[in-house]
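See below for the structure under consideration.
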Amino acid sequence: MTGASFAELTTLRLGGPIARLVTATTQRDLVDLLHGVWGSGEPWLVLGGGSNLVAGDEGFDGTVVRIATNGIEVLPDAPEGSVRLRVQAGENWDGFIAWTVAHGYSGLEALSGIPGSVGAAPVQNIGAYGQELSEALLGVWLLDEGADAPRWMPADELELGYRTSVLKQGLAGVVVAVEVQLHDTAAERAVLGEAIGRPIAYAQLAAALGVQPGDRAPVAKVRETVLALRGSKGMVLDPDDPDSVSAGSFFTNPIVTERVARTLPADAPRWYLEPEQPDEVVPLSRLASHSPLDAFLELQAELAAADEEPAADAAPAEPLVKLSAAWLIEQSGIRRGFALPGSRAAVSSKHTLALTNRGGATAAELAELARYVRHRVQAEFGIVLHPEPVLVGVEI
Numbered sequence: 001m002t003g004a005s006f007a008e009l010t011t012l013r014l015g016g017p018i019a020r021l022v023t024a025t026t027q028r029d030l031v032d033l034l035h036g037v038w039g040s041g042e043p044w045l046v047l048g049g050g051s052n053l054v055a056g057d058e059g060f061d062g063t064v065v066r067i068a069t070n071g072i073e074v075l076p077d078a079p080e081g082s083v084r085l086r087v088q089a090g091e092n093w094d095g096f097i098a099w100t101v102a103h104g105y106s107g108l109e110a111l112s113g114i115p116g117s118v119g120a121a122p123v124q125n126i127g128a129y130g131q132e133l134s135e136a137l138l139g140v141w142l143l144d145e146g147a148d149a150p151r152w153m154p155a156d157e158l159e160l161g162y163r164t165s166v167l168k169q170g171l172a173g174v175v176v177a178v179e180v181q182l183h184d185t186a187a188e189r190a191v192l193g194e195a196i197g198r199p200i201a202y203a204q205l206a207a208a209l210g211v212q213p214g215d216r217a218p219v220a221k222v223r224e225t226v227l228a229l230r231g232s233k234g235m236v237l238d239p240d241d242p243d244s245v246s247a248g249s250f251f252t253n254p255i256v257t258e259r260v261a262r263t264l265p266a267d268a269p270r271w272y273l274e275p276e277q278p279d280e281v282v283p284l285s286r287l288a289s290h291s292p293l294d295a296f297l298e299l300q301a302e303l304a305a306a307d308e309e310p311a312a313d314a315a316p317a318e319p320l321v322k323l324s325a326a327w328l329i330e331q332s333g334i335r336r337g338f339a340l341p342g343s344r345a346a347v348s349s350k351h352t353l354a355l356t357n358r359g360g361a362t363a364a365e366l367a368e369l370a371r372y373v374r375h376r377v378q379a380e381f382g383i384v385l386h387p388e389p390v391l392v393g394v395e396i
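Each residue of the sequence shown is one higher than the one before, starting from 1 at the first, in the UniProt record's numbering.
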């Protein structure tokens, strides 16, 4: 198919023409189409829901393979109290979550409302409201470039991390199916008459549910509440909400060393990562005064020594701290709804982490806004924000 554009196929509604677009509706189609593309030697790109992609105005001079496969299969031999599912890559992610909730399966309900396809979920290791896909993921069926058939790749080989995986880091292949293991709430349903999910791990979600962190709640109620929370931030696709014309969170939350975190103001949100508790807010008493210059010099020394072999008696690695990108953006002087003069791209009026197309924006305008936001944060705090979406023909 010719004449298609990224503006028609992405949630940001921007991006130039596609030289050739082909759509796979079955796994066999997908394998055959990819083999044809690989054999031609032309540039290629796979596309799912288009919710995590920013494509340039010049478009793409190659073939885009759109994955529209579907199917959810219950697999045998799941442990007692669990269910194993194999899901085709083209399934709509939120539609899949709705299906699991309707069947009383718990473990992914806090990821409701995230746009995109199932196949893209492990690439980003998506997460929200105290849940991450990695907690339920068994592995993926991956078609390596040039291979005749997909191979099984268990989750422990995917190098899953915060919004990343070996798939995102450049492994040449395409996810054709995903397998997860969830909690089957059949026992709870038999006694209570409703599906009770896993413990609530996120304070904001717990408060919205009217429970304490660590308590459990009905999975249907969790999904309903998450959708409401995401909707209040413009993070649920809605044709009547211009703030939802975005790629979701545009920047990832920075992960820095404890020494860098000490340079921030006392009220900056921060959370220790493992081995500390991931949801523990760092108290001011644990972060003594530390100048930005000292932190910069220490960080440069750490980077210079990164390639050296550590001594046998080396001290344990310094704890890592996750910061709030939204807080950094807001404290750098950028407010909700901010736009550069004359630009049709703007920060969401509901959430500073989302960059939106207010109507007719170009990829160049969005990239200019992203660069400005990143520059302001770097100038104010010395921290570089990194984009979460995949960039094709766009640089920030």
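Yeah, the Cβ is synthetic: ideal placement off N, Cα and C, and Gly gets one too.
Could you check the C-alpha separation between E318 and R270 for me, to the nearest Å?
Sequence index remark: in the sequence shown, residue 318 carries index 318 (1-based). Sequence index remark: in the sequence shown, residue 270 carries index 270 (1-based). Distance between the alpha carbons of E318 and R270: 15 Å.
When DSSP labels each residue in this structure, what does K168 get in the three-state scheme?
Taking the first residue of the sequence shown as position 1, residue 168 is located at position 168. Coil at K168, not helix or strand.
Does the Cβ of R28 have 16 or more other Cβ atoms within 10 Å, making it buried, or fewer, making it exposed?
The count along the sequence shown starts at 1 and reaches residue 28 at position 28. Exposed: under 16 other Cβ atoms inside 10 Å.
May I ask you to verify whether the segment 341-353 touches the segment 243-253, counting CB pairs closer than 8 Å and requiring at least 3?
yes
Should L227 and G107 be called a contact, given that it needs their Cβ atoms to be closer than 8 Å?
The sequence position of residue 227 within the sequence shown is 227, counting from 1. The sequence position of residue 107 within the sequence shown is 107, counting from 1. Their beta carbons are not under 8 Å apart, which means L227 does not touch G107 by this criterion.
Relative to the C-alpha of V373, which candidate in A136, K168, I334 has its C-alpha closest?
The sequence position of residue 373 within the sequence shown is 373, counting from 1. Looking at the Cα atoms, I334 is the closest of the given residues.
Inter-residue spacing [alpha-carbon to alpha-carbon] between A306 and V87
As a first step, residue 306 must be located in the sequence shown, where it is residue number 306. As a first step, residue 87 must be located in the sequence shown, where it is residue number 87. With a pLDDT of 47 at A306, under the threshold of 50, the modelled position of this residue cannot be trusted, and the question is left open.
So which of H183, L33, E157 has the shortest CA-CA distance to L85?
Mapped onto the sequence shown, residue 85 falls at position 85. Of the listed residues, the one whose Cα sits closest to L85 is H183.
Using 8 Å as the cut-off, can you tell me whether the segment 61-71 makes contact with the segment 135-149, which would need three or more C-beta pairs spanning the two stretches below that distance?
no
Does the structure place the segment 219-235 close enough to the segment 343-350 that three or more beta carbon pairs sit under 8 Å?
yes
Pick from H35, G39, V46: whose alpha carbon is nearest that of V390?
Numbered from its first residue, the sequence shown carries residue 390 at position 390. Among H35, G39, V46, the Cα nearest to that of V390 belongs to V46.
To the nearest angstrom, report how far apart G56 and A345 are at their CA atoms.
Taking the first residue of the sequence shown as 1, we reach residue 56 at position 56. Taking the first residue of the sequence shown as 1, we reach residue 345 at position 345. Taking the straight line joining both Cα atoms gives about 14 Å.
Inspect the beta-carbon positions of P199 and G210 and report whether they are closer than 8 Å.
In the sequence shown, counting from the first residue as 1, residue 199 sits at position 199. In the sequence shown, counting from the first residue as 1, residue 210 sits at position 210. For P199 and G210, no; Cβs fall outside 8 Å.
Quick one: what does DSSP say S112 is sitting in, helix, strand or coil?
By 1-based counting over the sequence shown, the position of residue 112 is 112. Coil.
Who are the near neighbours of T362 in its chain, counting only those whose CB is closer than 7 Å to its CB and skipping five residues on each side?
Against the sequence shown, residue 362 aligns to sequence position 362. Excluding sequence neighbours, T362 sits near L14, D57.
Looking only at its own chain, which residues have a Cβ that is under 6 Å from the Cβ of L167, when we skip the five neighbours before and after it?
The count along the sequence shown starts at 1 and reaches residue 167 at position 167. So the qualifying residues of the chain are V123.
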